[in-house]
Amino acid sequence: DQQVKQNSPSLSVQEGRISILNCDYTNSMFDYFLWYKKYPAEGPTFLISISSIKDKNEDGRFTVFLNKSAKHLSLHIVPSQPGDSAVYFCAASVPYGTYKYIFGTGTRLKVLA
Amino acid sequence: DTAVSQTPKYLVTQMGNDKSIKCEQNLGHDTMYWYKQDSKKFLKIMFSYNNKELIINETVPNRFSPKSPDKAHLNLHINSLELGDSAVYFCASSQGFSWTMGAEHTDTQYFGPGTRLTVL
């Protein structure tokens, strides 16, 4: 049972335009959400996160939006740059004594120069 | 300075062998994790240790045993390797703390570069 879903396996965007990556979840107990970026042969790199008590968090070119009623999370990258080309994973955390992350299957973003 | 490091980066071995993967973090974190990324690129938690104590143990075969000599290290031992164990294994760490109702949760995990294990 996939509790965190990224329904778009890939996305291509022109340089300078906005990239929007989407993530849906099913567990209403999730209380912390994160986006990670991953380059080939490297580990996931933390990008941005949002607590469930907020609906938006911004860090430079990256903004994460959380819609709890729709159980939907999105990452906006503006403007997109060729160096943003990578696989993006969303993750959701559920209280488990400590915290346990559930990852989506990733979306491969390609930013075209 | 590497925050979370793993060795080796690549590991090729025969079925039935026993192997270990080492992980070290210099972030001063209390909690460390092992994840497995399978051929479908699905990243799934295997184990979590907090201050050398096992706190998350997912449905993982007994052939996999984590060992934490101190809170900066979490090693993964795999006995009697099978073909299906071939995957990329990631170590991660976070500050970690217990859940408290009403408190904002902001515990972020930081990942190592991964170890690609190939079982022949």
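Going down the list, the protein sequences come from chains A and B.
Numbering-wise (our numbering), the first sequence opens with residue 1 and increments by one.
Numbering-wise (our numbering), the second sequence opens with residue 1 and increments by one.
In this text, a Cβ means the ideal position worked out from N, Cα and C, and glycines have one as well.
None of the values given here were measured: they were computed from a predicted structure.
Check your understanding: Is B/Pro113 close to chain A, meaning its C-beta is less than 7 Å from at least one C-beta of that chain?
Key -> What you label residue 113 of chain B is simply residue 113 of the second sequence in a count that begins at 1. By this cut-off, B/Pro113 is an interface position.
Check your understanding: What does A/Lys100 touch in chain B if you count any residue whose Cβ is under 8 Å from its own?
Key -> Along the first sequence, one-based indexing puts residue 100 of chain A at 100. Within chain B, the residues near A/Lys100 are Ile45, Ser48, Ile56.
Exercise for review: Could you name the residues of the same chain whose beta carbon sits closer than 7 Å to that of B/Lys36, not counting the 5 residues immediately before and after it, in chain order?
Suggested key: The count along the second sequence starts at 1 and reaches residue 36 of chain B at position 36. Excluding residues within five positions, the ones whose Cβ falls inside 7 Å are Lys44, Met46, Ala87, Tyr89.
Exercise for review: Only counting runs of 3 or more residues, tell me where the beta strand (DSSP E) segments fall wholly within the segment 51-86 of chain B, in order along the chain.
Suggested key: 53-57, 64-70, 73-78
Check your understanding: Taking 7 Å as the CB-CB limit, is A/Thr105 close to chain B?
Key -> Counting from 1 along the first sequence, the entry for residue 105 of chain A is found at position 105. Closer than 7 Å: yes.
Review point. Would you call the CB atoms of A/Phe46 and B/Thr7 closer than 7 Å?
Key: Counting from 1 along the first sequence, the entry for residue 46 of chain A is found at position 46. Counting from 1 along the second sequence, the entry for residue 7 of chain B is found at position 7. No, these two residues do not count as a Cβ contact at 7 Å.
Exercise for review: Can you give me the Cβ contacts of A/Asp31 inside the same chain, cut-off strictly under 6 Å, excluding the 5 residues immediately before and after it?
Suggested key: The residue you call residue 31 of chain A lines up with position 31 of the first sequence. Counting only Cβ-Cβ distances below 6 Å, and skipping sequence neighbours, we find Ser52.
Check your understanding: Are A/Val94 and A/Arg108 closer than 7 Å when you measure CB to CB?
Key -> Translated into positions along the first sequence, residue 94 of chain A becomes position 94. Translated into positions along the first sequence, residue 108 of chain A becomes position 108. Not in contact: A/Val94 and A/Arg108 (Cβ atoms no closer than 7 Å).
Check your understanding: Relative to the C-alpha of B/His73, which residue among B/Lys40, B/Ser94, B/Leu11, B/Val12 is closest?
Key -> On the second sequence, position 73 is the one that residue 73 of chain B refers to. With distances taken between Cα atoms, B/His73 lies closest to B/Ser94.
Review point. A/Phe46 CB to nearest chain B CB: under 7 Å?
Key: Here residue 46 of chain A corresponds to residue number 46 of the first sequence, with the count starting at 1. Yes, A/Phe46 counts as interfacial toward chain B.
Check your understanding: Should A/Lys37 be labelled buried (16 or more other beta-carbon atoms within 10 Å of its own) or exposed?
Key -> For the purposes of this step, residue 37 of chain A is taken as residue 37 along the first sequence, with counting starting at 1. So A/Lys37 ends up on the buried side.
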